[in-house]
Structure formats: structure tokens, C-alpha cells
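Chemist:
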Amino acid sequence: MNWFRKLLFPEKVSWEKKLVFPRWPHLQLTDEANQKIVSALSYQAEVLEDHGSRVKLRHQERSEKFPEPQEGFARKNELIPIEDADNYFIRRLRNAPHQPWCWICHSMASVHRKDYQRAILDLSQALDLFDEPSVRDYRAEQYMQLKEYNRALEDCEAAIAFSPEEPFYYHSRGFCWMKLKQFDKAFQDCEQAIQIDSSFYPAYLLRGDLYMNLKEYEKAVEDYSYAITLESKIVSGYYSRASALIFLDRLEEALQDCHLAIELDPNESASYFYCGRIFSLQHNQAEAIEAYSKAVRLDPKDQCGRLNRGIIYLEQSKFHLALKDFHRVLEIDASDALAYLNLGSLWALQGEYQKALEYYDTCIELESLHQAYSSRAVVYAEMGNYRQALDDFEASLLQENSENAVSRDFAYFLSVCPDENFRDGERALKLAKEGMEKIGMQVDWSFEGTLAAAYAEVGDFDKATEHQKRCLMDTSLDGENREEQEESLQLFLRKTPLRKVGKLMQNLYRTVC
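For the sequence shown, the positions run 11 to 523 when our numbering is used.
(1) How many Å lie between E263 and L255 at the Cα?
(2) Do Y249 and Y284 have their C-beta atoms within less than 7 Å of each other?
(3) According to DSSP, what are the bridge partners of F83?
(4) Can you check which of these residues, W455, R437, V453 and L424, is closest to K510 by C-alpha distance?
(5) The beta strand (DSSP E) that contains H116, what's its start and end?
(6) Between the C-alpha atoms of L139 and Y148, what's the straight-line distance to the nearest angstrom?
(7) Quick check: what's the CA-CA separation for F76 versus Q409?
(8) Given a cut-off of 7 Å, decide if T460 and R418 are closer than it, judged by their beta-carbon atoms.
(9) Write down the C-beta distance between D402 and S384 rounded to the nearest angstrom, noting that I regard them as a contact closer than 8 Å.
(10) Run the CB neighbour count on H61, radius 10 Å, all protein chains shown included, and call it buried at 16 or more, exposed below.
(11) Quick one: grab the DSSP three-state call for V48.
(12) Based on Cα-Cα distance, which residue from L351, H330, R397 and L359 lies nearest to A382?
(13) By a C-beta neighbour count over all protein chains shown, 10 Å radius and 16 as the cutoff for buried, is I130 buried or exposed?
(14) Please state whether DSSP places H61 in a helix, a strand or coil.
(15) Kindly indicate which three-state DSSP category I92 falls into: helix, strand or coil?
(16) Assign A168 to one of three DSSP states: helix, strand, or coil.
(17) Rounded to whole angstroms, what is the Cα-Cα separation between V426 and E467?
(18) With respect to the beta strand (DSSP E) encompassing F210, which residues constitute its N-terminal and C-terminal limits?
(19) Hey, how far is the Cα of A84 from the Cα of K28?
(20) Considering V306, what are the terminal residues of the alpha helix (DSSP H) in which it resides?
(21) If we ignore side chains and look at the alpha-carbon of each, how far apart do G286 and E300 end up?
(22) If you check the beta carbons only, do P177 and F210 fall under 7 Å apart?
(23) Tell me, which residues are paired with V30 by DSSP?
(24) Nearest CA to the CA of E524: which residue from W455, L67 and W187?
(25) Figure out for me which residue from I244, I321, R101 and Y214 has the closest Cα to the Cα of V231.
(26) Starting from Q135, trace the alpha helix (DSSP H) in both directions and tell me its first and last residue.
(27) Quick check: the Cα distance between L133 and L216, rounded to an integer number of angstroms?
(28) State the Cα-Cα distance for the pair L331 and L324, rounded to the nearest angstrom.
(29) Can you give me the C-alpha to C-alpha distance between S486 and M446, rounded to a whole angstrom?
(30) Does the beta carbon of K443 fall short of 6 Å from some heavy atom of the ligand FMN?
(31) May I have a chain-ordered list of the alpha helix (DSSP H) segments no shorter than 4 residues that lie completely inside the segment 321-399?
(32) Label A169 either buried or exposed according to how many other C-beta atoms from any shown protein chain fall within 10 Å of its C-beta, with 16 as the threshold for buried.
(33) Specify whether the segment 188-199 and the segment 145-164 touch according to this definition: at least 3 beta carbon pairs, one from each stretch, less than 8 Å apart.
(34) How many angstroms separate the CA atom of C200 from the CA atom of L163?
(35) Residue ranges of each alpha helix (DSSP H) run of no fewer than 4 residues wholly in the segment 151-201, ordered along the chain?
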């Protein structure tokens, strides 16, 4: 009869952490004793504590009277839980279609469902009734979710024209400029927001993101750290700083930041994603897969989490699992260039070179990634098409943000190509050294092996042997790769250079978000 008891006496479900809406605008929130009005709520709020018939709320609405995020108490019968909000506001709109408040609340419920198109339609209806800069800024956010940055800019411009002293609107416009790669304009908007309010921490977070785009990681850490001093409970500050620390090879500090972010919000997928990156760089692939899987569970549309997990599966030759992850990414976004790039790598590693070329071609059509050119060059080299390989390596060096792995792989090709017309030992040595000098994290076996091959090509077998021994000291080198590098050492000891492409070119499966 347990089912009957549950029917008569249903279990009380806690509202803690739940999003709620007021049943009417300007709902007055009181103190815990219910004696003093402390705030007013018109839109969504988060439940901090459930006290039975009453709940404690926190919301981000600001006004001249209440300029900061506010907390207060309300009765449950005055509120609508997020799961009921869509139907509730649709009913309200049928009876009162001329209420901007209803359209805005319904848009927020749509955003919660990640239905950004519907949210934009709702907000457009609200703006037709009442043109308000904060609503334009909110609609700009939804355009950003759809990557329609030029349309978002229009709303940002209108909001700034209406309220030029509001730092939030400069922050929104700066974000659009960053996504459009107009970094100077983005920096200007950050500075403008900070000039208006030096304690406006989102501007420091955004400026940190800009420094990340420019690979100025120390400056990014400074801005993220300052944002955290202004608001110690901002989760994105910790995982963003972790992302910068990863590039500075300060992995333990980065992991500590991820743990702090998880303590603040255990349901934020980005924190687990960066844990996955750290574990992967520490060659702890089991922990990395677990972290990426957690990120994907929390955010099923997390493309980078799936891509990076798929790349680990490639390393482990679990091609069916990698294929599943990459295909799922394309289901989420059919124009994801990195998914095509990694599918090319998947087929290349299995010797299916024609299939690999098709995916690399598609990737390059979508986005001229340097990894796509260098990976396609590797495939051409494996197929014996050395002229096409050389052309693609040259093209990869010309692409924006070309990485050190490109120098490594190109150097290896110039060192070992079986056709002497395409070998260039001096250039190979230069490229290999440049790659090792610029790399921002610990040099692995592939860089040492490349430098060894370049020294062998110019006839310096003592140096070749020295670096090949360093290559073999890397504990992450195992299986067929280790066997091949041991064979290379024997060649150098016999003063014989390499003359095969081999499996050194790791970038086939080292492309990460």
C-alpha cells in the first residue's frame, strides 16, 4: 500500500536551487521575520533556501533603489516554478497580450529550454510594446547564443545610445566584438565599462578572455584574478583562470581552481571540462575521460567535451567510441570544423586515406584551420604525394594561430622524406628548434624525436643520438611508437638518417578545443 500512502501524503520536493518567477511584477520580498520589505522581484530568481511555505530568493534585478543583486523571502504561492512557467505565461498572454512583462518572463522560460529563437520572438514582442535598453541587451544575449553577432551588435548599440552610463551594455558589445575578432574595439569597450565602474568584474573577465585570444596568458591570469577579488563566488572566474594556467603549464594551480569552481557550483560543466584538459596533459587519460563525461552529462550539447573525449579514444584506438563522439558533435552543429578534422584523423589512423582526405577537405572549406592543412599534409606524405604534402605544410604555417605542432611535423617531413628533392635539413633543424622554444608546456617525445631526425639529416649523429635518448625517456611513449623510436635510435647509432614518414606526426589525434 506504499503507493496509496504516497498518493495521500506526497513527498515534499525541495525548491532549493530551483528557478522561479513571480506571479505578478514587482513582487515585494521581505526579510526573514516578514516585517520589512527588502527588495522587489519582477522576473526570475534562484531559490537559496526552502523553509516550507516560504523560500529565500536571490535575483539579479537592479534599480536605483536596489542597485546590487538582492536576497529576500517570499511565499511559495506567490511564485511559479520554472517547470510550470512556460504554460503559466502562455495563459497570461492569451488574456493580456499587451503586457511586456509577460513576454519577457516567457522569453526567460524559453531561454531555460535553450529555445533562443522563441526567446527572441518574445523579446521582440515586448520591445514593440515598450522599448527598454535592458530588454535590448537581453535580446542581444540570445542573438549571441545563435552566433548572430551583427544582429546582437545592433541591440547593444541601441542600449548604449539609450543608457550610455551602463557598463553592462559595453560589456555585451565588447563580447560581440571579440567574437567578430575585432579585438581593439572589444578592449575599448572593456576600458569604457571599467571607467564607468571600476568594480564591474565582468569587464575584467571579458578582458581576460581577450588576452586569451591573443595568447597573453599572464595578463589573462591577472584579470581573472582581479575579477575574483571583486567577486569571490564567480564560478567562471575560477575555471577561466584555470584555462589560462593550463597554457602556462601551471597544472596544479589550474586543477585547484577547477576544484574551487566545482565547490561553488557542482553543476557547471566547464569546470569538469578543464579538469579533463588537465588530466589529459598529465597523461591521466582515465581521469580525463571521466571528467569529460561528467561535463557532457551536465551539458549534453558540450561539443568540446565530446571532441576531446573522442581524441582520447583515438589515442587508445577505440575508434568506434571516437566515431560516436564526433558524429554526435555534428548532430549538435553540422558546421563544426573540428569534428570534420578529427574524423579525418580517425580514418587516417586506420589507413583509410581517401576518407581522411574527404573530411580534411570539408574542414578546410568550413574553416582554414592550420591543423587541417598539416594533417592533410601527413596523409599526402603517407601516400607518397610529397609535392602536395609540402604545399599543405607551407599553407599550414601561413594560417592564423599556427601552432608549434605544425613546425614539428613540417620539420619531421623535411628531415625524413624518402624523396631527396623535398628534404631540407637546415630548415628542418630551424623549425624543430622554434617549435620546442615556443611550446608553452612540457616538451614531449615527439618534439625530441623530431629534433633528433633533423640533426641526423644534417649529419650530426651525436646530437641526434642525444635527443633520441631523451625521446625514449618520456614515459608516455609506449606501444608501436616506442618500438619505432627505439629503431630510430639504432639507426642514429649506426650514423644512418631516417627515410620514412613513420608515426611520429602526432597531430593526427592531438587537435583539442
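We treat Cβ as the ideally placed atom computed from N, Cα and C, and that holds for glycine.
Modeler: Taking the definition as stated:
(1) 7 Å
(2) yes
(3) T40 and K66
(4) L424
(5) Premise fails: H116 lies in the alpha helix (DSSP H), P110 to H122, not in any beta strand (DSSP E).
(6) 16 Å
(7) Its pLDDT being 46, under 50, F76 is placed unreliably by the model, and nothing is read from it.
(8) yes
(9) 7 Å
(10) exposed
(11) strand
(12) L351
(13) buried
(14) strand
(15) helix
(16) helix
(17) 7 Å
(18) Segment: none, F210 is in no beta strand (DSSP E) and carries neither H nor E.
(19) 14 Å
(20) Q295 to L308
(21) 8 Å
(22) yes
(23) A55 and P91
(24) The chain is shown only over 11 to 523; residue 524 falls outside these bounds and no answer can be derived.
(25) Y214
(26) Y126 to L139
(27) 25 Å
(28) 8 Å
(29) 18 Å
(30) Looking at this structure, you won't find the ligand FMN or any other ligand, since it has none at all.
(31) 329-342, 347-359, 363-376 and 380-393
(32) buried
(33) yes
(34) 15 Å
(35) 159-172 and 177-189
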